[in-house]
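Residue numbers for the sequence shown follow the numbering used here, beginning at 842 and rising by one.
Have a look at the structure below, then the notes.
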Amino acid sequence: MLSYFLELNNVVQAFIACMITWGITALGAAIVFFFKKVNKNLLDGMLGLAAGVMIAAAFFSLLNPALSLAEELNMIPWLVAFIGFFAGGMLLFSGDKIFPKLIKNKENSKAKRTLMLVLSITLHNIPEGLAIGVAFGSIAYGIEGATAISALILAIGIGIQNFPEGTAVSLPLRREGFSRKKAFLIGGMTGVVEPIAGVVGALLVLKVRFILPFLLAFAAGAMIYVVVEELIPESQSNECKDLMALFTIIGFSIMMILDVALG
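Written out as structure tokens, the structure reads:
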């Protein structure tokens, strides 16, 4: 199965990988059918592990290839990496500031909370899909560190943190009075942007090689923002903060070893 996947077109690989991450989001949302509450230690541990995986992926699968390709294209590597990385982080920062203002006039507090929750998770899923697409698309150029295995590992890391995200949407919606079916559908649909962003990212990379270093760094910046703003703070809200930090270290170590050894 893996050998067949590795032989596919890079865009198709990105699409399949993002469909899997979307499926994991839906799987997380499906928890609403079985539980009213999910063990917080389990969810926080998954978020901590995913944070470590995504931090390592941001460097080994995105920033490092961005620097290598920028140098190959006779650009200024540090400048390209900085512009892309900063732009990726600022996009999500701006989104987090703008969306609450767009819905501040909503009179129904229930509708406002629901919309904020869905928009927040959906916004953060876009750069994750883009990161997967860019990672798979960059394979075509034979850049050091850009391999199908590393891109697949990146997708797995993103998928891990998508599970608790899906749950984080569906369970609160259920508590707000939504039916289980509706809470599941809304929670699952927050991940639909990932396959779209993944295909767009892969196509952009394949069509316009010149912007690849920027896109790689951009995806890294967006991912680090998600990790710092969402994953780590949420995992550290746990009483066992030291254990959650250890999960982050383990996640980083696993991604680093796999990326370097298999890349």
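Note that beta-carbon positions come from the ideal geometry of N, C-alpha and C, so glycine has one too.
- With 16 or more other Cβ atoms from the protein chains shown falling within 10 Å of its own Cβ, P1054 counts as buried.
- Residue state for N1079 is assigned as coil, using DSSP reduced to three classes.
- Taking a C-beta distance under 8 Å as the contact criterion, G1092 and G889 qualify as a contact pair.
- A1058 sits away from L933, with the two beta carbons spaced by 8 Å or more.
- From the listed residues A1086, A1061 and V1101, the smallest Cα separation to H965 is found for A1061.
- Separation of G936 and T1089 (C-alpha to C-alpha, rounded to the nearest whole angstrom) is 26 Å.
- The C-alpha of L1087 is placed about 12 Å away from the C-alpha of A891.
- Contiguous beta strand (DSSP E) elements confined to the segment 846-881 do not occur, taking only those with 3 or more residues.
- Close CB contacts of F900 within its chain, under the 8 Å cut and outside five residues either way in sequence, are with A1061 (chain order).
- In terms of CA proximity to F875, R1021 leads the group R1021, I1027, V1046 and K881.
- Non-local beta-carbon contacts of L1044 in its own chain, meaning distances under 8 Å to residues more than five positions away in sequence, involve V852, G974 and G978 in chain order.
- When the beta-carbon positions are compared, A972 and M1064 come within less than 8 Å of each other.
- Leaving aside the five residues that flank N882 on each side, the residues in its chain whose CB is nearer than 8 Å to its CB run, in chain order, N1079 and C1081.
- The segment 1023-1042 and the segment 999-1013 touch, with three or more beta-carbon pairs separated by less than 8 Å.
- Excluding its 5 nearest sequence neighbours in each direction, S1011 has C-beta neighbours in its own chain below 6 Å: A870, V873, A1024, F1025 and G1028, listed in chain order.
- The C-beta distance from G929 to Y1066 rounds to 7 Å, short enough to meet the 8 Å contact threshold.
- Ranked by how close their Cα comes to the Cα of I896, the residues L1072, L1084, M1085 and Q1077 have L1072 in first place.
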